[in-house]
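The block underneath contains the structure these notes are about, expressed in structure tokens.
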Amino acid sequence: TSVGEKNFMIGEPVKVEWFNPQGERIVSSPRVALHTGEDSSRLTIYRAVVEDAGIYRCQATNAEGQTQEATMVLEMYQKLAFRDVKSPQEFRHGETAEVVCDVISSPAPAVSWFYQKGSKSMEITEEHYSRFQVLPNNNLQIHKVTKVDEGVYRCEARVEARGEINFVDIEVVVNVPPVLSVVQQSFNATADYQESVTFTCITSGSPDPEVTWHRKGQQLERSEQYVLNNLEGGRSTLTIRNILQGDGGDYTCRATNKAGSEERELFLKVFVQPHITQLRNVTAVEGSAAMISCVAEGEPVPEISWRRASDGRSFADGDKSQDGRVDVRGRHGRSMLTISGVKLPDLGRFDCEALSRIGGHQKSMFLDIEYMPKFQNNQTIFYSWEGNPVNISCDVKSNPPATMLWRRERLTISAEGTANTRVHTTDGKSLLEVTPVSDRDFGRYNCTARNNIGAKYQEFILAQADVPSNPYSVRLSAVSQRSATVTFMKPDSHGGVPIGHYLVNYKEVGSQDWRDVKSHGVQTTVLLTGLEPNTTYEVRVAAVNGKGQGEFSHTESFQSLPIREPSPPAVHGQRGVGKAYRLGLVKQDDGGMPIVEYIVKYKTDKEDQWMTKLVSGQHDFALLQPLQWNTRYEVEITARNVKGLSEPTFYQFFMPQKPDIIDSLFSGLGLGPVVGLGLAGLLLVLVVVDVSCYFLRQCGLLMCITRKICSKKTTTSGKSKEMEEGKAAYLGDGSKDPIVEMRTEEERITNHDGSPVHEPNETTPLTEPEKLPLKEENGKETLKPDMIEIKVHSDNSIHTKQDDSKA
1 TSVGEKNFMI GEPVKVEWFN PQGERIVSSP RVALHTGEDS SRLTIYRAVV EDAGIYRCQA
61 TNAEGQTQEA TMVLEMYQKL AFRDVKSPQE FRHGETAEVV CDVISSPAPA VSWFYQKGSK
121 SMEITEEHYS RFQVLPNNNL QIHKVTKVDE GVYRCEARVE ARGEINFVDI EVVVNVPPVL
181 SVVQQSFNAT ADYQESVTFT CITSGSPDPE VTWHRKGQQL ERSEQYVLNN LEGGRSTLTI
241 RNILQGDGGD YTCRATNKAG SEERELFLKV FVQPHITQLR NVTAVEGSAA MISCVAEGEP
301 VPEISWRRAS DGRSFADGDK SQDGRVDVRG RHGRSMLTIS GVKLPDLGRF DCEALSRIGG
361 HQKSMFLDIE YMPKFQNNQT IFYSWEGNPV NISCDVKSNP PATMLWRRER LTISAEGTAN
421 TRVHTTDGKS LLEVTPVSDR DFGRYNCTAR NNIGAKYQEF ILAQADVPSN PYSVRLSAVS
481 QRSATVTFMK PDSHGGVPIG HYLVNYKEVG SQDWRDVKSH GVQTTVLLTG LEPNTTYEVR
541 VAAVNGKGQG EFSHTESFQS LPIREPSPPA VHGQRGVGKA YRLGLVKQDD GGMPIVEYIV
601 KYKTDKEDQW MTKLVSGQHD FALLQPLQWN TRYEVEITAR NVKGLSEPTF YQFFMPQKPD
661 IIDSLFSGLG LGPVVGLGLA GLLLVLVVVD VSCYFLRQCG LLMCITRKIC SKKTTTSGKS
721 KEMEEGKAAY LGDGSKDPIV EMRTEEERIT NHDGSPVHEP NETTPLTEPE KLPLKEENGK
781 ETLKPDMIEI KVHSDNSIHT KQDDSKA
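Per full-length UniProt numbering, the sequence shown starts with residue 1, numbered consecutively.
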């Protein structure tokens, strides 16, 4: 709005000036214009504002310097206006909120506040709303604002003088600080087992808080190890995958929104399987102290124990061995096993085991013991004779390996040897080969072994060997008509050379010719055979070694037994084939003369008459046949030589029931033939089924072959050959044995005239079966599968025959 003021002057003023309400002289500007005429002056204010209101002075000055002024009052009226009123206005829960409503007008407006609840509007007065107050600056103050106070508030301004009214709606938002809780504050996990742990935080607040996870002051970001998820209901999770030992410690869940932030600490306890990190092999010198250290780590810290593999003895912290040489001390995952005065039995493996409630770990080390040479020889005296080479062995055990030297009368024998000595050296062993050529080669030899621990020597003696002394205590036992057993004691001296064998001399009394028998090795028992019955013999024994034969023992005499009847034979039975039984005959003492024959008598237990069978003395079995099924038999066996009969031997056996056809077929066959017969039977069944399908349903392999042949328009003809009647049927393998027809126990076999026929056995001939005509489908006779009898040879061969009644 522009405002203009004009003053009229009387007289002739020299100068006219305008002053604003603040008393400042007004100077022309783009917004203020001054126009002065001869008798008037005008002040124009463009775009006037409320601040321009006030008392303006116009002062005129004449030539004599006299002044005169006039005042004018400028009043400004301003329209209602809201200045920079923001919506929404946000406040923190619980604080004193001041809703700002900056309204201006001239004259000053009257301001009222209303709360919009749905479609209704309620005026806010201090009488009804104790926590609400309209401030002098027209703002609305809310004490301890809550979420319930949230909503739309209307600020309404009125200028009653002009009837002017205006309002503005302000949305009040109450922000609630985050409230954070955790489901579980502490977690346990085991490292290096691909385990995962999930922390969960539950938050509430307005607006919805943003949840972040922190560890060691750093915010965790989503990665392969850390999985961050925000779920419904204010749930936020942090999943730690593939937990390692370094993942243990504190984790922070922090919730933040406009009203503030809150955080909670969560703890992850990571257990670590015990792991042995330090265990080394140890080498100690015999007699010194060995210290073995084992270091292990884990969470919780594991306890360490030791185990000695040689005897299985275990040692824990504070333990000592019975002899006090082994002591264990340890703490905080470290253990030291100390062995004082190390001995060779201490050598070997030691196991260190670290255990905790999470698990265990075991490692092994080896305690190596160095020691000076130790001789292992039990023999220090060796025997030989001139021209006979002998090996003097020097066996040494040492660690580290020792070098060995031979000396003779303080002279070193070189590795290349001399004219009659040679040295052969291997690991831990040196052989001195000596071939004596004179008495000077016999005597003392020295073997010296040396390593970095020390040196030792051993002396060996090479002595001249002699023949053995004579055996003694010669005894005769088990004397019979043709043999005798000589036993004796070893000689007191073997002459320095091991005995190779013993020589037994024997002869008839009065004879000058000695016969020799050598022992088997160094056995002191020798069997003499080929003796004459009822004859007196002399016997003596000598020992033989490498040097030669020693002296004979004292001569002993004995007499062989006269000829007599044989001893009763020993018998063992074995089931034969069919209706036969095989008796095994074991020859006993023949009485000095060969057994001529065995007399075998046998009968059933229900009969009195004996049947007799003579068996040559050269045979070792007797075959009894034919026998009856399901019958017990008694047997009496006697041996005979030229002197007479032995006492009889009695034996009993039982013949089982008659076997069925299957037993007859397969009792004499092995596994291979049985399998072959099974496959052949399966093939026969397949052929029968195929033929049946061909005739009944016109299908099958035979039908396909027939159609293929017919499609080529080839015709074949053949005549079936009929079997000749009155002749026996034989197998196709050329066997001349007739086929045996097997029938069941219940069948009664009769002749054509109805008379009974005795069942064939091993001694009765077989009758020839009748031949049956065969018929084919074209009118000739044929065999039907359900009309076939099985006939079997005595050697279990199979043949088929059609039932006579259905031919």
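Even glycine gets a Cβ: it sits at the ideal position worked out from N, Cα and C.
DSSP-derived helix/strand/coil call for residue i
i, result
"residue 395", "strand"
"residue 467", "coil"
"residue 131", "coil"
"residue 288", "coil"
"residue 402", "coil"
"residue 808", "Look at the range of the chain in this structure, 1 to 807, and you will see that residue 808 is not part of it."
"residue 13", "coil"
"residue 794", "Interpretation of residue 794 is limited by its pLDDT of 36, a score under 50 that renders its predicted location unreliable; the figure taken from the coordinates is listed afterwards. Reduced to three states, the DSSP call for residue 794 is coil."
"residue 595", "coil"
"residue 123", "strand"
"residue 722", "Because the pLDDT at residue 722 is just 35, under 50, the model does not fix this residue reliably, and the value given afterwards should be weighed accordingly. Coil, per DSSP."
"residue 652", "strand"
"residue 714", "Low local confidence applies: a pLDDT of 42 at residue 714 is under 50, so the model's placement there is unreliable, with the coordinate-based value given in what follows. Looking at residue 714 - three-state DSSP - the assignment turns out to be coil, as it is neither helix nor strand."
"residue 87", "coil"
"residue 618", "coil"
"residue 517", "strand"
"residue 675", "helix"
"residue 766", "With a pLDDT of 35 at residue 766, under the threshold of 50, the predicted position of this residue should be treated as unreliable, and no value is reported."
"residue 346", "helix"
"residue 556", "strand"
"residue 233", "helix"
"residue 245", "helix"
"residue 75", "coil"
Integer-rounded CB distance, given that residue j should sit under 8 angstroms from residue i
i, j, result
"residue 182", "residue 294", "Going by Cβ atoms, the distance from residue 182 to residue 294 rounds to 41 angstroms, so no, they are not a contact pair."
"residue 450", "residue 373", "7 angstroms"
"residue 80", "residue 103", "7 angstroms"
"residue 87", "residue 169", "7 angstroms"
"residue 74", "residue 54", "6 angstroms"
"residue 242", "residue 185", "With 8 angstroms as the limit, residue 242 and residue 185 do not qualify as a contact, their Cβ atoms being about 23 angstroms apart."
"residue 585", "residue 620", "5 angstroms"
"residue 528", "residue 506", "6 angstroms"
"residue 629", "residue 579", "7 angstroms"
Candidates the options: closest to residue i by CA position
i, options, result
"residue 214", "235, 105, 191, 249", "249"
"residue 13", "38, 29, 34, 257", "38"
"residue 519", "500, 118, 230", "500"
"residue 78", "164, 706, 43, 138", "164"
"residue 56", "258, 575, 23, 193", "23"
"residue 524", "512, 622, 489, 562", "489"
"residue 482", "122, 561, 412", "561"
"residue 402", "452, 106, 610, 558", "452"
"residue 647", "691, 569, 617", "569"
"residue 381", "458, 325, 624", "458"
"residue 344", "367, 152, 358, 385", "367"
"residue 534", "527, 279, 563", "563"
"residue 114", "611, 696, 101, 26", "101"
"residue 467", "643, 550, 140", "550"
"residue 123", "107, 140, 177", "140"
"residue 614", "622, 608, 125", "622"
Cross-strand partners of residue i (DSSP beta bridge)
i, result
"residue 169", "154"
"residue 835", "In the structure as shown, the chain begins at 1 and stops at 807. Residue 835 is therefore absent and cannot be evaluated."
"residue 191", "Paired residues: none, contrary to the question."
"residue 278", "295"
"residue 570", "586"
"residue 707", "Beta-bridge pairing links residue 707 to no other residue."
"residue 540", "505"
"residue 461", "381, 444"
"residue 634", "603, 652"
"residue 336", "293, 329"
Could you tell me whether the stretch 623-642 touches the stretch 588-608, where touching means 3 or more Cβ pairs closer than 8 angstroms?
yes
Check whether the stretch 276-288 touches the stretch 305-319, taking contact to mean three or more Cβ pairs, one atom from each stretch, closer than 8 angstroms.
no
Just checking, does the stretch 312-329 make contact with the stretch 138-155 on the three C-beta pairs under 8 angstroms criterion?
no
With a threshold of 8 angstroms, are at least 3 pairs of Cβ atoms found where one atom belongs to the stretch 270-284 and the other to the stretch 216-233?
no
Determine contact between the stretch 354-369 and the stretch 437-447, defined as no fewer than three beta-carbon pairs at a distance below 8 angstroms.
no
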